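Chemist:
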Ligand code: PHE
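In UniProt numbering, the protein residues as written are 1 to 504.
(1) Could you compute how far the alpha carbon of residue 165 sits from the alpha carbon of residue 110?
(2) For residue 344, name the three-state secondary structure that DSSP assigns.
(3) May I ask you to list the residues that DSSP assigns as paired with residue 403?
(4) What three-state label does DSSP hand residue 297 in the structure shown?
(5) Out of curiosity, what's the CA-to-CA distance linking residue 447 and residue 273?
(6) Taking residue 48 and residue 177 to be in contact with their CB atoms under 8 Å, please state how far apart those CB atoms are, rounded to whole angstroms.
(7) Under 7 Å Cβ to Cβ from residue 212, same chain only, skipping five residues before and after it: list those, please.
(8) Cβ of residue 406 within 6 Å of any heavy atom in the ligand PHE?
(9) So the candidates are 74, 167, 414; which of them puts its Cα closest to the Cα of residue 103?
(10) Using three-state DSSP, classify residue 472 as helix, strand or coil.
(11) Suppose you measure from the CA of residue 2 to the CA of residue 196; what does that come to, to the nearest Å?
(12) Hey, could you find the ends of the beta strand (DSSP E) residue 139 is sitting in?
(13) With which residues is residue 375 paired in a DSSP beta bridge?
(14) I'd like to confirm the pairing. Which residues does DSSP put opposite residue 51 in its beta bridges?
(15) Would residue 57 be called buried (16 or more neighbouring beta carbons within 10 Å of its own) or exposed?
(16) Could you spell out where the alpha helix (DSSP H) holding residue 113 opens and where it closes?
(17) Does residue 504 come out as helix, strand or coil in the three-state DSSP assignment?
(18) What do you get for residue 230, buried or exposed, if any count of 16 or more other CB atoms within 10 angstroms of its CB means buried?
(19) Look at residue 438 and residue 408 and say whether their C-beta atoms are less than 7 Å apart.
(20) Check residue 86 in the structure and name its three-state DSSP category.
(21) Taking its Cβ as the centre, do 16 or more other Cβ atoms sit within 10 Å of residue 267, making it buried, or is it exposed?
(22) Are the segment 380-390 and the segment 359-366 touching by the rule of at least three beta carbon pairs closer than 8 Å?
(23) Please confirm whether any heavy atom of the ligand PHE lies closer than 6 Å to the CB of residue 323.
(24) The ligand PHE heavy atoms versus the CB of residue 367: any closer than 6 Å?
(25) Hey, is residue 452 close to the ligand PHE, as in C-beta under 6 Å from one of its heavy atoms?
(26) What's the call for residue 308, buried or exposed, on a 16-neighbour Cβ count within 10 Å?
(27) Starting from the Cα of residue 321, find the closest Cα among 254, 314, 414 and give me that residue.
(28) Reducing DSSP to helix, strand and coil, say where residue 495 ends up.
(29) Kindly indicate which three-state DSSP category residue 208 falls into: helix, strand or coil?
(30) In this structure, how does DSSP classify residue 28 when only helix, strand and coil are distinguished?
(31) Excluding sequence positions up to five away, which residues of its chain have a Cβ less than 8 Å from the Cβ of residue 13?
(32) For the alpha helix (DSSP H) that residue 228 lies in, which residues bound it at each end?
(33) Could you tell me the boundaries of the alpha helix (DSSP H) in which residue 123 lies?
(34) Flag residue 431 as yes when its Cβ comes closer than 6 Å to any non-hydrogen atom of the ligand PHE, and as no otherwise.
(35) CA-CA distance, residue 287 and residue 293?
Here it is in structure tokens:
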């Protein structure tokens, strides 16, 4: 490139000004290459002035070039007609015969004789001049000015020529004109500063458009690693993943569908983030909504209900979902609408939001691991059995259950596992069997039972990676090197009983 740049400078020193297109012809170089060399001259300062120009050129199309070379379609037809006449069918075999034929007819070069039946074409004149070919040759050799405008118009219509706009530069000597390109310094060194040599040197301009060197990074966050382990376990056990792509939920699906009474403290703004815009949702399945209202206020399905006045206004309030059990409710309702009930196992792992006071173990948003099994006549025994298998795959074999209360499950159990590091039992999740007030209202068959559980994703992740403060895992204070250093998560189930992944 430097060579071409200096060639341009040498030429310009005797021929000022000069156009870059003229240079590309003269040097027999691609115009783009000339422009590239110009750019590198410009990077060295004001050696040349480049004034942008845009010129319209007439250029032959591929078809035009072929005609300039071998003659027009009409001339080819004329030349193929023998002195006695040639059958039209024969002439039509020539390429572009249709255009050639009609042009030759209208030029009065040939005529058609139909007397003998099949049409015969005869010459009408003895000699022709192929002006189309002659004109295209003229254009090709750069004498476009000799062609009348209406003729150019016609050729354009016939797609023999086309107009192209060529952007070029007119070059002239600049204030710092020189015949050679001084090498530009790319770096300012300590040596240049101490010796003062920098004053005499030329520096390369900064190129702010240059792409940076790709960084050697991109690591999976520990939460994502543990999430994929959980997902793997669910998939191995035959669960399918629920859609959870809605952080915003209505109170209806988050609370009412779960038989959570409207005056329950969890519905307080102290525990729940309500949404101000859009404030409400109004699109609920009509009949189902009526049944929910009925079961809350009057009871049904063997229940006496909560006996309060259920208000649609309360159910309409939008919020950031406080648990993924809202998504389970939507899925179970959908399942109940199917013609025939099919036993189903579902899971999800996604974000939930609670208006918590932040501390070392609480954030206002965290991830919930949720599992749901709907089948005929499953029992609490099945729930415990499923847990044994699920947690064994996590490497946890010592489990304890404690009776608990949830508005939507009965019985409910908190799940504890033994934490070797801490030397005590710690709570890892909550579970239960969904209440008939919830399931029968949705329309599920009488003997279908649904067992479900919810765990936090953060807790096992903190334990697995030895973090004591949840803010070391999520938020602005996360140490990115921790993310980079953390090994892949394997919730190993081959360790000694009880030790499991939960030791810190
Ligand atoms: N939704 C419960 C929670 O947020 C977890 C849970 C899910 C409990 C399913 C029982 C059944 O803690």
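Note that beta-carbon positions come from the ideal geometry of N, C-alpha and C, so glycine has one too.
Owing to the predicted nature of the structure, the values given are computational and were not obtained by experimental measurement.
Modeler: Reading it off the structure:
(1) Cα to Cα, the separation comes out at about 39 Å.
(2) Looking at residue 344 - three-state DSSP - the assignment turns out to be strand.
(3) When beta bridges are read from the DSSP output, residue 403 appears opposite 413.
(4) Three-state DSSP puts residue 297 in a helix.
(5) In a straight line, the C-alpha of residue 447 is about 36 Å away from that of residue 273.
(6) At roughly 7 Å, the Cβ-Cβ gap stays under 8 Å, so residue 48 and residue 177 are in contact.
(7) Excluding residues within five positions, none has a Cβ falling inside 7 Å.
(8) Short note on residue 406: C-beta closer than 6 Å to some heavy atom of the ligand PHE.
(9) The residue with the shortest Cα to Cα distance from residue 103 is 74.
(10) Per DSSP, reduced to three states, the secondary structure at residue 472 is helical.
(11) The straight-line gap separating the alpha-carbon atoms of residue 2 and residue 196 is approximately 28 Å.
(12) No beta strand (DSSP E) contains residue 139, which is instead part of the alpha helix (DSSP H) from 131-140.
(13) Beta-bridge pairing by DSSP links residue 375 to 449.
(14) For residue 51, the pairing in a beta bridge is given by DSSP as 170.
(15) The residue in question, residue 57, is exposed, as its Cβ has fewer than 16 Cβ neighbours within 10 Å.
(16) No alpha helix (DSSP H) holds residue 113; the beta strand (DSSP E) holding it covers 110-113.
(17) Because residue 504 sits at a pLDDT of 29, beneath the cut-off of 50, its placement in the model cannot be relied upon, and the point is left open.
(18) That one is buried.
(19) Yes; because the gap between Cβ atoms is below 7 Å, this pair is in contact.
(20) In this structure, residue 86 counts as strand in the three-state DSSP scheme.
(21) With a threshold of 16 other beta carbon atoms within 10 Å, residue 267 meets it and is buried.
(22) Inter-segment contact for the segment 380-390 and the segment 359-366 is absent: fewer than three beta-carbon pairs are separated by less than 8 Å.
(23) Residue 323 Cβ: within cutoff of the ligand PHE.
(24) No; taking the cut-off as 6 Å, the Cβ of residue 367 has no heavy atom of the ligand PHE nearer than that.
(25) The answer is yes for residue 452.
(26) For residue 308, the number of other beta carbons within 10 angstroms of its own is below 16, and it is reported as exposed.
(27) Looking from the CA of residue 321, the closest CA among 254, 314, 414 belongs to 254.
(28) Residue confidence is low: residue 495 scores 42 on pLDDT, short of 50, so the model does not pin down where it sits. Its coordinate-derived value is still stated next. DSSP places residue 495 outside both helix and strand once states are collapsed to three, so it counts as coil.
(29) DSSP places residue 208 in coil when its eight states are reduced to three.
(30) Coil.
(31) Non-local beta-carbon contacts of residue 13 in its own chain, meaning distances under 8 Å to residues more than five positions away in sequence, involve 173, 177, 179 in chain order.
(32) Note, residue 228: alpha helix (DSSP H), 222-236.
(33) No alpha helix (DSSP H) holds residue 123; the beta strand (DSSP E) holding it covers 120-123.
(34) Yes, Cβ of residue 431 sits closer than 6 Å to a heavy atom of the ligand PHE.
(35) Rounded to the nearest angstrom, the two C-alpha atoms are 10 Å apart.
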